[in-house]
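Chain order of the listed sequences is F and D. Mapping of the first sequence onto this note's numbering: residues 1139 to 1327, in sequence order. Mapping of the second sequence onto this note's numbering: residues 1139 to 1327, in sequence order. We put the CB at the ideal spot given by N, CA and C, even for glycine. Data block below; observations after.
2 protein chains.
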Amino acid sequence: MPRGIARDHDEKRGGLRKGAAAYFARHGYDRASMTGAARECGVSKALIYHYYDSKEALLFDILDTHLSELVAVVDEAKGNGLPGLIRAILSAYEDADAEHKLQLDALATLPPEMQAPLVAHQRRLVTIMADAVAADRPDLSPDRLRAVTMTVFGILNWFYMWHRPGRGLSRAAYADLAADFVQAGLKGV
Amino acid sequence: MPRGIARDHDEKRGGLRKGAAAYFARHGYDRASMTGAARECGVSKALIYHYYDSKEALLFDILDTHLSELVAVVDEAKGNGLPGLIRAILSAYEDADAEHKLQLDALATLPPEMQAPLVAHQRRLVTIMADAVAADRPDLSPDRLRAVTMTVFGILNWFYMWHRPGRGLSRAAYADLAADFVQAGLKGV
DNA sequence: CATAAAACCGACCATGCGGTCAAGAGTGTT
DNA sequence: AACACTCTTGACCGCATGGTCGGTTTTATG
Chain F
1139 MPRGIARDHD EKRGGLRKGA AAYFARHGYD RASMTGAARE CGVSKALIYH
1189 YYDSKEALLF DILDTHLSEL VAVVDEAKGN GLPGLIRAIL SAYEDADAEH
1239 KLQLDALATL PPEMQAPLVA HQRRLVTIMA DAVAADRPDL SPDRLRAVTM
1289 TVFGILNWFY MWHRPGRGLS RAAYADLAAD FVQAGLKGV
Chain D
1139 MPRGIARDHD EKRGGLRKGA AAYFARHGYD RASMTGAARE CGVSKALIYH
1189 YYDSKEALLF DILDTHLSEL VAVVDEAKGN GLPGLIRAIL SAYEDADAEH
1239 KLQLDALATL PPEMQAPLVA HQRRLVTIMA DAVAADRPDL SPDRLRAVTM
1289 TVFGILNWFY MWHRPGRGLS RAAYADLAAD FVQAGLKGV
């Protein structure tokens, strides 16, 4: 029988995923070309198409991997209450700014059947966060619980837009501030 | 002397701006074609190029108009304290979801010299918000003041991502909730 | 060591895009 | 009425893009 897939197949694929994610995030998914992503990864465009069927399939793999890891992190941290959750999420975004940005502004460009499993991951995150909020404020109506939950995600998801590493508060310092802010804010609604 | 510009020139231009903004926001600026935007507006592509020099010039006009109006609204509301500011901004986003979305994910695609005046508008908004926060908490260090200010913008800018008109809290009800949340949160940092 | 498939590439293709153009229809000015 | 200019269009152009193809090199397996 002939040779099977290479031993380092998964690592190579992971390298393409990471390199392409950085390139896509830097230029915007739609403007970023496969030729450019290939150059960034130091391979030919044809090779990317050896590992992935299409540009969309590559994006899907980037987002699916990212969201799966995020769900795992959050699942692990959900025992530590709301502040623990907030710190865990902000910490997980470290070294994943590119993937996070792509999730926010490129996920919607995928066809619905590819979006579905990714959206399912997102819903899982939202549910865990909502449970943590509800633990502090079991009296909130469903509508208000959802609104508060999304408020917290707004805070977290906006972070990468204004924070520049090395300037202002550190990631960890902001995580503390955000946790305090949310906990106090919860008492006011 | 020959005829001048048509009397309804500005209205026509405004119509294109509004129609194109909706189309761009729905499909994403980069994927959205000028042909498609033209069809959405019920005119030919060539006509858009009669009113605008380029796709970028059209985007610039959309964002510049939107941000100018926003600055005007915020400038007027800054006397009413932080809660007033929050309510004013959320209310101003009404009927401007498309423009708001474009501001968040297409502004960066403009060349630096076109971005500059728009970013100046944004900075104005941030400054006003920071002043309102500082009025409540004059003891915050500059770094923390900035972090809290961006936290508030995160809450506001995320709203359009999860809110669906007619479902859950109304816009006004959420504005009240957000104002309460922020005011209480401010006491916790 | 033979072999068959994987790994990899340069060149190529079809399509859709932003933008242009030449021309006609409509209209305020003289 | 004659003019000059705006308004409006369908047809067109060059180019970059996502994706393909034929071929070469490499490497697990028998």
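1. Are the stretch 1191-1209 of chain D and the stretch 1160-1180 of chain D in contact at 8 angstroms, needing three or more beta carbon pairs?
2. Name, please, each residue of chain D whose Cβ falls closer than 8 angstroms to the Cβ of PHE1319/F.
3. What does the alpha-carbon distance come out to for the pair THR1287/D and ARG1261/F?
4. Applying the 10 Å Cβ sphere with the 16-neighbour rule, what's the burial state of GLU1214/F?
5. Cβ of LEU1245/D less than 7 angstroms from any chain F Cβ?
6. Between which residues of its own chain and LEU1154/F is the CB-CB distance below 7 angstroms, once the five residues before and five after are set aside?
7. Assuming GLY1166/D and ASP1168/F are in contact, meaning their beta carbons sit under 8 angstroms apart, how far apart are those beta carbons, in whole angstroms?
8. Looking only at C-alpha atoms, which of ALA1273/F, GLY1174/F, GLY1219/F and GLU1207/F sits nearest to ALA1317/F?
9. Just checking: is the beta-carbon of GLY1306/D within a distance shorter than 7 angstroms of some beta-carbon in chain F?
10. Measure from the alpha carbon of ALA1211/D to the alpha carbon of each residue in ALA1230/D, VAL1327/D and LEU1242/D, then state which is nearest.
11. Given a cut-off of 7 angstroms on the beta-carbon distance, is the pair GLY1292/F and GLY1326/D in contact?
12. Counting only Cβ pairs nearer than 8 angstroms, list the residues of chain F close to TYR1187/D.
13. CB of ASP1191/D to nearest heavy atom of the ligand MG: below 6 angstroms?
14. Give the interface partners of LEU1223/F over in chain D, defined as CB-CB distance under 9 angstroms, in chain order.
15. Identify which residue in ALA1244/D, VAL1290/D, PRO1250/D and ASP1146/D has its Cα closest to the Cα of ILE1227/D.
16. Here's the rule: buried if 16 or more other CB atoms are within 10 angstroms of the residue's CB, otherwise exposed. What is GLU1251/F?
17. Do LEU1324/F and ARG1275/F have their C-beta atoms within less than 7 angstroms of each other?
18. Measuring CB to CB, does LEU1248/D end up less than 7 angstroms from LEU1205/D?
19. Extract the residue ranges of the beta strand (DSSP E) inside the stretch 1265-1304 of chain D, only unbroken runs of 3 or more that lie entirely within it.
20. Can you check whether the C-beta of ARG1169/D is within less than 7 angstroms of a C-beta belonging to chain F?
21. Consult DSSP for ILE1143/D and reduce its assignment to one of helix, strand or coil.
22. Would you mind working out which of ALA1310/F, GLN1253/F, PRO1221/F and ASP1277/F sits nearest PHE1319/F, comparing C-alpha positions?
23. Please tell me whether TYR1190/D has its Cβ less than 7 angstroms away from any Cβ of chain F.
24. List, in chain order, every chain D residue whose beta-carbon is nearer than 7 angstroms to that of GLY1166/F.
25. What does GLY1219/D reach in chain F if we use C-beta pairs closer than 7 angstroms?
26. So, at 8 angstroms on beta carbons, what are the nonlocal neighbours of HIS1259/F in its own chain, with the 5 sequence-adjacent residues on each side left out?
27. In the DSSP assignment, find the alpha helix (DSSP H) that holds LEU1181/F and state where it starts and stops.
28. Are any of the Cβ atoms in chain F nearer than 7 angstroms to that of TYR1312/D?
Straight from the coordinates:
1. yes
2. Here residue 1319/F corresponds to residue number 181 of the first sequence, with the count starting at 1. Per Cβ cutoff of 8 angstroms: VAL1286, THR1289, GLY1323, LEU1324, GLY1326 and VAL1327.
3. On the second sequence, residue 1287/D is found 149 positions in, with the first residue counted as 1. On the first sequence, residue 1261/F is found 123 positions in, with the first residue counted as 1. Each residue's alpha carbon lies about 28 angstroms from the other.
4. Indexing the first sequence from 1 puts residue 1214/F at position 76. Answer is exposed; the Cβ neighbour count stays below 16.
5. For the purposes of this step, residue 1245/D is taken as the residue at position 107 of the second sequence. Answer no: the Cβ-Cβ gap between LEU1245/D and chain F never drops below 7 angstroms.
6. The residue given as residue 1154/F occupies position 16 in the first sequence. Answer for LEU1154/F: CYS1179, ILE1186 and TYR1189, listed in chain order.
7. For this step, residue 1166/D is matched to residue 28 along the second sequence. For this step, residue 1168/F is matched to residue 30 along the first sequence. Contact holds; Cβ gap of about 6 angstroms.
8. Locating residue 1317/F in the first sequence gives position 179, where the first residue counts as 1. It is GLY1219/F.
9. Taking the first residue of the second sequence as position 1, residue 1306/D is located at position 168. Residue contact check for GLY1306/D against chain F: a CB pair falls below 7 angstroms.
10. Within the second sequence, residue 1211/D is the residue found at index 73, counting from 1. Position check: residue 1211/D holds Val in this sequence, whereas Ala was assumed. The residue with the shortest Cα to Cα distance from VAL1211/D is ALA1230/D.
11. Start at 1 with the first residue of the first sequence, and residue 1292/F comes out as number 154. Start at 1 with the first residue of the second sequence, and residue 1326/D comes out as number 188. The answer is no: Cβ separation not under 7 angstroms.
12. Residue 1187/D sits at position 49 when you count from the first residue of the second sequence. Chain F residues near TYR1187/D: none, gap ~21 angstroms exceeds 8 angstroms.
13. Summarising the ligand content, the structure contains no ligands, and the ligand MG is consequently not present.
14. The count along the first sequence starts at 1 and reaches residue 1223/F at position 85. Going along chain D, no residue has its Cβ under 9 angstroms from LEU1223/F, so there is no contact; the nearest lies around 16 angstroms.
15. Residue 1227/D sits at position 89 when you count from the first residue of the second sequence. Out of ALA1244/D, VAL1290/D, PRO1250/D and ASP1146/D, the CA that lies nearest to the CA of ILE1227/D is found in VAL1290/D.
16. Your numbering for residue 1251/F matches position 113 in the first sequence. Result: exposed.
17. In the first sequence, counting from the first residue as 1, residue 1324/F sits at position 186. In the first sequence, counting from the first residue as 1, residue 1275/F sits at position 137. The Cβ atoms of LEU1324/F and ARG1275/F sit closer than 7 angstroms to each other.
18. In the second sequence, the residue the question calls residue 1248/D occupies position 110. In the second sequence, the residue the question calls residue 1205/D occupies position 67. Not a contact, by the Cβ cut-off of 7 angstroms.
19. Segments of the beta strand (DSSP E) lying fully in the stretch 1265-1304 of chain D: there are none.
20. Walking along the second sequence from the start, residue 1169/D turns up at place 31. Chain F contact via Cβ: present.
21. For the purposes of this step, residue 1143/D is taken as residue 5 along the second sequence, with counting starting at 1. Coil at ILE1143/D, not helix or strand.
22. Along the first sequence, one-based indexing puts residue 1319/F at 181. It is PRO1221/F.
23. By one-based count along the second sequence, residue 1190/D stands at place 52. No - not a single Cβ of chain F is within 7 angstroms of the one on TYR1190/D.
24. Position 28 of the first sequence, counting from 1, holds the residue named residue 1166/F. Neighbours of GLY1166/F on chain D, chain order: ASP1168 and THR1247.
25. One-based indexing of the second sequence puts residue 1219/D at position 81. Under the 7 angstroms cutoff, chain F gives no residues; its nearest Cβ is about 15 angstroms from GLY1219/D.
26. In the first sequence, residue 1259/F corresponds to position 121, counting from 1. Listed in chain order, the non-local C-beta contacts of HIS1259/F below 8 angstroms within the same chain comprise ASP1202, LEU1205, SER1206, LEU1208 and VAL1209, local neighbours out to five positions each way being set aside.
27. Locating residue 1181/F in the first sequence gives position 43, where the first residue counts as 1. The displayed chain sequence assigns Val, not Leu, to residue 1181/F. For VAL1181/F, no alpha helix (DSSP H) run applies, since DSSP gives it neither H nor E.
28. Taking the second sequence and counting its residues from 1, the one referred to as residue 1312/D is at position 174. Yes, TYR1312/D lies at the interface with chain F (some Cβ there is under 7 angstroms from its Cβ).
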